[in-house]
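Student: Heads up, the sequence shown is in this note's numbering, so the first residue is 268 and it goes up one at a time.
Think of the CB as a built atom: it goes at the ideal place given N, C-alpha and C, for glycine as much as any other residue.
Being a predicted model, the structure only gives us computed values, none of them experimental.
Here it is, the structure, as structure tokens.
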Amino acid sequence: MSKSKHPRVLAENEAQAITRNIRVSPRKLGLVAGLIRNKPAAQAVATLTFSKRRIAQDVKKTLESAIANAENNHQLDVDQLFVKTADVGKSIVMRRFHARGRGRSARVEKFFSHLKIVVAERAPEPEAKTEEKAA
268 MSKSKHPRVL
278 AENEAQAITR
288 NIRVSPRKLG
298 LVAGLIRNKP
308 AAQAVATLTF
318 SKRRIAQDVK
328 KTLESAIANA
338 ENNHQLDVDQ
348 LFVKTADVGK
358 SIVMRRFHAR
368 GRGRSARVEK
378 FFSHLKIVVA
388 ERAPEPEAKT
398 EEKAA
């Protein structure tokens, strides 16, 4: 009597993690997400660890969650993972008012964002091709 199971959107060698309503503008979050796209997972974690941006720690938590999902839920090899996509989306906008001179007011907009990170397992390169290039 229950609903039928929702089909899996991702491929068999992929896992994802989503964080919603992060209190930062999508524009600023996009800069940090751009640092880790198409990088190996270990290198992306290291990049975020030493980033000076405030939001980098939240992105790092989401990335580590995606890596844990890949390992525990989909039995993927952690050493072969890379960040396939890091999508940033718009969320709600909280509007506040700020008092200005001469009895006027100005609107202050506080933006929120969504973050979706997909990690995928990269197939190991055949060693025969690397030997041919070296020769």
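Tell me the DSSP secondary structure of Ile359 in three-state form.
Tutor: strand
Student: Would you say Asp325 and Ile289 are within 7 Å of each other, going by their C-beta atoms?
Tutor: yes
Student: Assuming Ile419 is part of the alpha helix (DSSP H), what are its boundary residues?
Tutor: In the structure displayed, the chain extends from 268 to 402; residue 419 sits before or after that span and is not available.
Student: Assuming contact is defined by CB atoms lying nearer than 7 Å, are Val291 and Ile322 in contact in what I supplied?
Tutor: yes
Student: When the Cβ atoms of the stretch 334-343 are set against those of the stretch 365-377, are three or more pairs found closer than 8 Å?
Tutor: no
Student: Between Val299, Asn340 and Val385, which has its C-alpha nearest Lys319's C-alpha?
Tutor: Val299
Student: Express the C-alpha separation of Lys383 and Arg374 in angstroms, rounding to a whole number.
Tutor: 29 Å
Student: Unbroken alpha helix (DSSP H) runs of length 4 or more, entirely within the stretch 293-331: which are they?
Tutor: 293-303 and 308-316
Student: Could you name the residues that DSSP lists as bridge partners for Phe364?
Tutor: Arg374
Student: Can you find the residues in the same chain that come closer than 7 Å, C-beta to C-beta, to Ala311, ignoring five residues on each side of it along the sequence?
Tutor: These residues qualify, in order along the chain: Ile303, Leu330 and Val350.
Student: Using the C-alpha atoms, what's the distance from Gly297 back to Ser358?
Tutor: 13 Å
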